[in-house]
Every structure is written in structure tokens, then in C-alpha cells.
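K.L.:
Numbering (this note's numbering), first residue to last: 76 to 467. For every residue, glycine included, the Cβ atom is placed at its ideal position computed from N, Cα and C.
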Amino acid sequence: MTAPDRIEELLNATKTAFMNGELVRLKLGGYHGAEPDLKSVEVKKITVKDGDKFSFTYRYKTRDIIKNFIQPEALALLRAALKDEFSSAQLATTGFDMVFERNGLKIRLKRKEVAGREAPSTDHNRAKNRPLDGTDKPWLKALGIAGKDGIVRNDAQDKFRQINKMVEIFAPLIQAIQAEQPLIVDMGAGKGYLDFALYDYQVNVARRAVGIVGVEMREQLVADGNATAQASGFDGLSFQSGSILDFDATGADAVIALHACDTATDDAIFQGIRVGAALIAVAPCCHKQIRRQMEAGQPDPHLLPMLRHGIFLERQAEMVTDTLRALLLELNGYRTRVFEFVSDAHTPKNNLIVAEKDGRVGRDRDAVLSQIAAIKTMFGIEQHYLEGLLGL
76 MTAPDRIEEL
86 LNATKTAFMN
96 GELVRLKLGG
106 YHGAEPDLKS
116 VEVKKITVKD
126 GDKFSFTYRY
136 KTRDIIKNFI
146 QPEALALLRA
156 ALKDEFSSAQ
166 LATTGFDMVF
176 ERNGLKIRLK
186 RKEVAGREAP
196 STDHNRAKNR
206 PLDGTDKPWL
216 KALGIAGKDG
226 IVRNDAQDKF
236 RQINKMVEIF
246 APLIQAIQAE
256 QPLIVDMGAG
266 KGYLDFALYD
276 YQVNVARRAV
286 GIVGVEMREQ
296 LVADGNATAQ
306 ASGFDGLSFQ
316 SGSILDFDAT
326 GADAVIALHA
336 CDTATDDAIF
346 QGIRVGAALI
356 AVAPCCHKQI
366 RRQMEAGQPD
376 PHLLPMLRHG
386 IFLERQAEMV
396 TDTLRALLLE
406 LNGYRTRVFE
416 FVSDAHTPKN
426 NLIVAEKDGR
436 VGRDRDAVLS
446 QIAAIKTMFG
456 IEQHYLEGLL
466 GL
């Protein structure tokens with residue numbers, strides 16, 4: 076059997092499963108085409124107003140894009156993709172699995188029978204498994220996520236998914252705080268997407284009383300946020316105007332900051348450390364302060380071939396900045412984790428530093444200070460901005 080014949084066999088099996096309601100999923104992997112950051116494509120069957128369609132989910136490094144196609148279009152796209160762009164595919168149906176592998180001109184196709192598997196629902200409008208209960212809420216409408224009919228707008232699906240993902244991450248962190256009614260301070264709150272979502276979840280889903288204060292410089296956003304909180308009946312949510320450093324965070328159990336630019340992230344970390352918050356969680360944005368020092372300083376000569384490329388310098392500045400932040404948090408008694416927290420096309424800066432107060436951390440002060448000094452010397456850094464805030 077020739078290579079094109081094997082591709083056609085896989086496509087015919089996919090088409091038959093689609094038509095008979097037996098398609099579970101088709102996943103294409105091993106991408107080596109020209110599309111930047113594309114990782115894989117997942118295909119399933121959906122039922123919409125104008126009939127059954129193939130739904131393609133294009134999974135990129137920082138976002139997902141969904142496109143729906145009628146059968147002839149879908150099969151043509153799959154044929155071209157399997158021929159030139161993807162080296163593997165896994166077809167799952169209710170009766171069998173089929174694995175496609177291409178290595179150069181050689182193609183292997185394996186089939187394995189299965190039993191007892193059911194096809195997933197094809198209802199495109201079925202309820203999603205999301206932390207937020209319902210979408211007909213004043214705050215979702217006020218923030219432009221839902222329309223007047225209470226349904227999430229098509230152009231806000233990514234934002235709504237992002238908000239739910241943030242709630243998934245932050246809810247257990249808040250749950251772990253021992254305070255009976257935790258006070259959460261969001262530094263640089265902006266429009267308050269996270270604040271509204273987290274308050275809604277904590278009070279109406281988790282049934283736990285919390286207080287949330289969003290700190291924001293722009294007075295109009297503060298006024299809008301307070302009006303929306305009042306209209307939503309969120310008595311424990313409020314917004315205050317001011318800068319991060321000037322705000323009195325006394326009593327805060329959690330200090331968070333999402334995409335506060337450059338050293339504003341350090342201002343938020345300092346506030347959390349200063350008041351002894353049980354939780355400090357920041358998603359940094361920009362790393363200009365350290366990058367400027369790396370450009371002007373004298374890093375280890377072994378690093379010069381890498382740092383002379385702007386894109387690599389930027390990535391190294393990001394890594395070094397956040398590593399020093401994590402070490403400085405550990406120095407002050409926090410257990411830290413750094414991980415990627417959300418995938419969104421409009422949020423390329425998506426690393427989250429989570430620091431939880433732990434008295435056992437930071438006791439070996441000299442060792443941590445030595446690590447900080449070694450990193451600074453290696454990259455030609457005089458002082459991290461957060462060191463100055465902490466008086467180091």
C-alpha cells in the first residue's frame with residue numbers, strides 16, 4: 076500500500092466514524108510546518124444550527140483557535156496536513172483506534188479494536204465544566220464578557236476561558252489561607268476581571284466569605300468597578316484609587332498582582348512581605364530594570380554569545396528577574412513556586428510566581444544571599460529593584 080493510500084484509509088475511517096456518530100477524536104501531532112508556535116490540531120464532531128461539522132482546535136503555544144468546517148473542507152485540510160505538515164495522527168472511535176506515523180516517505184498505519192467506548196456529545200452549546208456558575212451576571216455584562224442576553228459573546232470566549240482558568244488556580248490558594256474571612260488585595264486591578272470572578276466564586280460557589288480590594292491608579296476604572304460591584308450585590312468587593320506602594324495593605328491575607336509592569340510587580344511583592352501576607356501571587360510583565368543592567372553591565376564572558384541576541388537577552392532577563400524575586404521571597408520566609416498559569420493570545424507573559432508563608436523557609440539566610448550574589452555577578456547586575464525596597 077502506498078503512502079497516499081494509507082492517508083486515504085485514515086481519512087475514510089475518519090469520515091465513516093463522523094457520519095455514523097462514532098468519532099471520538101482525531102489528533103494531529105509532530106507539526107513541522109511554517110505556522111509559528113503551532114503544536115497540534117484536535118478534531119471532533121459538533122452539531123450546530125446548520126448541521127454537523129468538523130471542529131478543528133488549533134493548539135498554539137499561548138492560545139487555542141477553533142474553526143469549524145463542513146465535511147469536504149475538513150477532509151481536504153486533513154489530507155494536505157497529513158501529507159506535508161504533521162508526522163503523526165491518532166484516530167479514536169467507538170470501535171477502534173488508528174495510529175498514523177510518517178517518517179520521510181515511509182508511512183505506518185496501525186489499527187486496534189476497542190470495546191465499550193461511547194462517543195462524546197456533539198452538542199456545541201452544551202454546558203462547559205467551568206468554576207463560574209452561570210453567565211447571566213451583571214458583572215459579566217458590565218465588563219463586556221456577556222451580552223444583554225446573558226450569553227458569553229463570541230469575541231469574549233477566550234477572555235471568559237482565561238478568567239475561569241485564573242479562578243481554578245487562585246481558588247485553592249485562597250482556600251488554604253487560615254483566616255476565617257480572608258482579605259485579598261489586588262494590586263493594579265485594572266477592570267477587575269479576576270476580582271469579580273474570584274469574589275463570585277468564593278461567595279456564591281465555594282460559600283466562603285472573603286473581602287477583596289482592587290487597587291488601581293485610574294480613577295474612572297475605580298468608579299466603574301465600584302458601581303459594578305454594587306450592581307452585582309458584591310458587598311465585600313471594592314476598588315480604591317492609588318499607587319501600589321502608597322496603598323495601606325495592613326491586614327491583607329493575600330496580595331496579588333497580574334501583569335503589573337516591570338518594577339510595579341516588585342512593589343506588590345514588597346507590600347505582601349511588609350504586611351506578612353499568607354499568600355503572594357504575581358504574574359510579572361516586562362523585565363526592563365534587569366535587562367538594562369545586563370546590557371550595561373559586565374556579565375560572565377561565557378554568556379556573551381547568547382546575550383548579544385536581543386530575543387535571548389529578553390528571555391534571560393525575564394528568567395533572571397523572576398529567579399531573584401523567588402529567592403528574595405524565600406529569604407523572607409516564603410515557599411515559592413513558578414509556573415505557567417494561563418494560555419491566552421493576548422497574554423504572552425503568563426508565568427505565575429506563587430509564594431506561601433512558611434516559617435521554615437529562609438532560615439539559611441547566608442546561603443540564599445550567596446545564591447543571589449552569584450546570579451548578579453554572573454549576569455552583570457548591580458541590584459535588583461526589590462532588594463532596594465527590602466533594604467538589602
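Glutamate 431: which of Leu248, Pro257, Glu176, Gln256 sits nearest, CA to CA?
P.N.:
Cα-wise, what sits closest to glutamate 431 is Leu248.
K.L.:
Does DSSP put glutamate 83 in a helix, in a strand, or in coil?
P.N.:
Of the three classes helix, strand and coil, the one that applies to glutamate 83 here is helix, per DSSP.
K.L.:
List, from N- to C-terminal side, the alpha helix (DSSP H) runs of 4 residues or more that fit wholly inside the stretch 107 to 181.
P.N.:
Here the runs fully enclosed are 146 to 159.
K.L.:
Is DSSP giving alanine 231 helix, strand or coil here?
P.N.:
It is helical.
K.L.:
Going by CA-CA distance only, name the one from Ala251, Ala343, Ala231 that's closest to leucine 464.
P.N.:
For leucine 464, the nearest C-alpha among the options comes from Ala343.
K.L.:
Would you call valine 288 buried or exposed, if buried means 16 or more other Cβ atoms sit within 10 Å of its Cβ?
P.N.:
So valine 288 ends up on the buried side.
K.L.:
Tell me whether serine 313 sits in a helix, a strand or coil according to DSSP, three-state version.
P.N.:
Note: serine 313 maps to strand in three-state DSSP.
K.L.:
Output the distance between the C-alpha atoms of arginine 228 and proline 213, rounded to the nearest integer angstrom.
P.N.:
Between arginine 228 and proline 213, the C-alpha separation is close to 14 Å.
K.L.:
Which value, in whole angstroms, describes the spacing of the CA atoms of proline 374 and histidine 334?
P.N.:
Answer to the nearest angstrom: the Cα atoms are 28 Å apart.
K.L.:
Between lysine 223 and the rest of its own chain, which residues show a CB-CB distance below 8 Å, the 5 nearest in sequence each way excluded?
P.N.:
Closer than 8 Å at Cβ, skipping near neighbours: Lys216.
K.L.:
What is the rounded straight-line gap between the Cα of isoleucine 456 and the Cα of glycine 104?
P.N.:
One C-alpha to the other measures close to 42 Å.
K.L.:
Have a look at Phe171, Thr169, Gln165 and flag the residue whose alpha-carbon is nearest the alpha-carbon of arginine 177.
P.N.:
For the residues Phe171, Thr169, Gln165, the minimum Cα distance to arginine 177 belongs to Gln165.
K.L.:
Does the count of Cβ pairs from the stretch 271 to 285 and the stretch 336 to 356 closer than 8 Å reach three?
P.N.:
Contact fails: fewer than three Cβ-Cβ distances are below 8 Å.
K.L.:
To which residues of the same chain is threonine 422 closer than 6 Å at the C-beta, ignoring the five residues directly before and after it?
P.N.:
Any reading at threonine 422 needs caution, since the residue's pLDDT is 46, under 50, leaving its predicted position unreliable; the model's value is listed next. The answer is none, since no qualifying residue turns up.
K.L.:
Helix or strand or just coil, what does DSSP make of lysine 266?
P.N.:
Coil.
K.L.:
Output the distance between the C-alpha atoms of glutamate 393 and tyrosine 268, rounded to the nearest integer angstrom.
P.N.:
Distance between the alpha carbons of glutamate 393 and tyrosine 268 is about 25 Å.
K.L.:
Can you find the residues in the same chain that come closer than 7 Å, C-beta to C-beta, to tyrosine 409, ignoring five residues on each side of it along the sequence?
P.N.:
Taken in chain order, the residues that qualify are Ile355, Ala430, Glu431, Lys432, Asp433, Val436.
K.L.:
Identify, in the order they occur along the chain, each residue of the same chain with its Cβ nearer than 7 Å to the Cβ of isoleucine 140, setting aside the five sequence neighbours on each side.
P.N.:
Contacts found: Tyr133.
K.L.:
Locate the beta strand (DSSP E) running through tyrosine 409, then write down its first and last residues.
P.N.:
Start and end: 409 to 415.
K.L.:
Output needed for isoleucine 82: all residues of its chain with C-beta closer than 8 Å, excluding positions within five of it in sequence on either side, in chain order.
P.N.:
These residues qualify, in order along the chain: Arg154, Leu157, Lys158, Phe175, Ile182.
K.L.:
Using the Cβ count rule (16 or more neighbours within 10 Å means buried), how would you classify methionine 262?
P.N.:
Buried: at least 16 other Cβ atoms inside 10 Å.
K.L.:
Taking the runs of the alpha helix (DSSP H) that are 4 residues or longer, which of them lie wholly in the stretch 273 to 337?
P.N.:
DSSP runs (the alpha helix (DSSP H)) wholly in the stretch 273 to 337: 294 to 307.
K.L.:
Determine whether the beta carbon atoms of alanine 92 and threonine 168 lie at a separation below 8 Å.
P.N.:
Contact flag set, yes.
K.L.:
Thinking C-alpha only, which one of Cys361, Ser162, Gly317 is nearest asparagine 425?
P.N.:
Of the candidates Cys361, Ser162, Gly317, the one whose C-alpha sits nearest the C-alpha of asparagine 425 is Cys361.
K.L.:
Check each candidate in Lys120, Tyr135, Ile348, Phe161 and name the one with the smallest Cα separation from asparagine 143.
P.N.:
The candidate whose alpha carbon is nearest that of asparagine 143 is Lys120.
K.L.:
Quick check: isoleucine 252 and alanine 358, are their CB atoms within less than 8 Å of each other?
P.N.:
Not closer than 8 Å, so no.
K.L.:
Please name the residue in Asp230, Glu255, Asp270, Pro195 whose C-alpha comes closest to that of leucine 101.
P.N.:
Among Asp230, Glu255, Asp270, Pro195, the Cα nearest to that of leucine 101 is on Pro195.
K.L.:
Just grab the DSSP bridge partners of cysteine 360 for me.
P.N.:
Partner(s): Cys336.
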